[in-house]
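> Before we start, here is the structure in question, set down as structure tokens.
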Amino acid sequence: MIKKTVLILFLVLSFSFFKAAKTLAADIVRAENSAILLSRSEKEDDADWRYLSLYLFLKEYDSPLAKFSDQFIESADIWQIDWRLVPAIAGLESFFGRRMVPETYNAYGWGGGYIGFESWEDSIDHVSRKISQNYYRRGLNDPFKIGPVYAPPNSKWGSLVASIMNNI
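Quick note on numbering: the working numbering labels position 2 of the sequence shown as 5, and the sequence is numbered without any gaps.
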């Protein structure tokens, strides 16, 4: 009886924490991007646990991309790709935007890493769109299928990107 009570209490507390974390995720990311902390009641319906998950993951790696977590998710949703894919590619190709050609905003190895973009938002949207158009629409919809085309010299690319995606 005591075990059941403790289990129920644990589940109730876990659910409450998860719901609060989802709302906090949206507030943290939006606050960092706009310097305005939105109230929970204003945007409660827009709360998305993926923001917090990605933001905290990228912050752990001291990535300049952390404050663009919302852009990764919005672009992934628009272009109907896995929201973890483009950040994971950035992780493998440039250690999450920390090792790349300066001022290119190209953390994805796009065009060998030498193609430049105007901003992080521009690069995130461009790469998400191209992955949707050039890979997903051809049935290449996971890192194992994308790898031989995206990075043919590296036979482990797909498994490395999948591993990063799983860690996000």
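Every residue gets a Cβ at the ideal spot worked out from N, C-alpha and C, and that includes glycine.
With C-beta atoms as the reference, is Glu96 less than 8 Å away from Tyr111?
Stepping through the sequence shown from its first residue, residue 96 is reached at position 93. Stepping through the sequence shown from its first residue, residue 111 is reached at position 108. Taking 8 Å as the Cβ cut-off, Glu96 and Tyr111 qualify as a contacting pair.
> Restricting to runs no shorter than 4 residues, where is the alpha helix (DSSP H) found entirely within the segment 128 to 163?
Within the segment 128 to 163, the complete alpha helix (DSSP H) runs of at least 4 residues are 146 to 153.
> Comparing C-alpha positions only, which one of Gly114, Phe98 and Leu68 sits nearest to Val152?
Working through the sequence shown from its first residue, we reach residue 152 at position 149. For Val152, the nearest C-alpha among the options comes from Gly114.
> Distance cutoff 8 Å, beta carbons only. Does Asp51 sit that close to anything in chain B?
Going by chain labels, chain B is absent from the structure shown, which holds only one protein chain.
> Rounded to whole angstroms, what's the CA-CA distance from His129 to Glu106? Just pull it up for me.
Reading the sequence shown from its first residue, position 126 is the one you call residue 129. Reading the sequence shown from its first residue, position 103 is the one you call residue 106. Each residue's alpha carbon lies about 16 Å from the other.
> Given this structure, state the Cα-to-Cα distance separating Ala165 from Phe147, to the nearest angstrom.
Taking the first residue of the sequence shown as position 1, residue 165 is located at position 162. Taking the first residue of the sequence shown as position 1, residue 147 is located at position 144. Taking the straight line from one Cα to the other gives about 8 Å.
> Suppose the cutoff is 6 Å on Cβ atoms and the five residues either side in sequence are ignored; what does the same chain contact list for Arg132 look like?
Here the question's residue 132 lines up with position 129 in the sequence shown. So the qualifying residues of the chain are Trp82.
> Identify whether Glu106 lies in helix, strand or coil by the three-state DSSP scheme.
Reading the sequence shown from its first residue, position 103 is the one you call residue 106. In the structure shown, Glu106 sits in coil (DSSP, three-state: anything other than H, G, I, E or B).
> Is Leu61 near Ser78, with beta carbons less than 8 Å apart?
For the purposes of this step, residue 61 is identified with residue 58 of the sequence shown, where counting begins at 1. For the purposes of this step, residue 78 is identified with residue 75 of the sequence shown, where counting begins at 1. No; because the gap between Cβ atoms is not below 8 Å, this pair is not in contact.
> Would DSSP call Asp85 helix, strand or coil?
As a working note, residue 85 is residue 82 in the sequence shown. Coil.
> By the DSSP assignment, the alpha helix (DSSP H) with Arg101 in it spans what residues?
As a first step, residue 101 is located in the sequence shown; it is residue number 98 there, counting from the start. Segment: none, Arg101 is in no alpha helix (DSSP H) and carries neither H nor E.
> Could you compute how far the alpha carbon of Lys159 sits from the alpha carbon of Asn109?
Mapped onto the sequence shown, residue 159 falls at position 156. Mapped onto the sequence shown, residue 109 falls at position 106. The alpha-carbon atoms of Lys159 and Asn109 are separated by roughly 21 Å.
> Compute the beta-carbon to beta-carbon distance between Ala93 and Gly100, rounded to the nearest angstrom, for a pair I have assumed lies under 8 Å.
Here residue 93 refers to the residue found at position 90 of the sequence shown. Here residue 100 refers to the residue found at position 97 of the sequence shown. Confirmed, about 6 Å.
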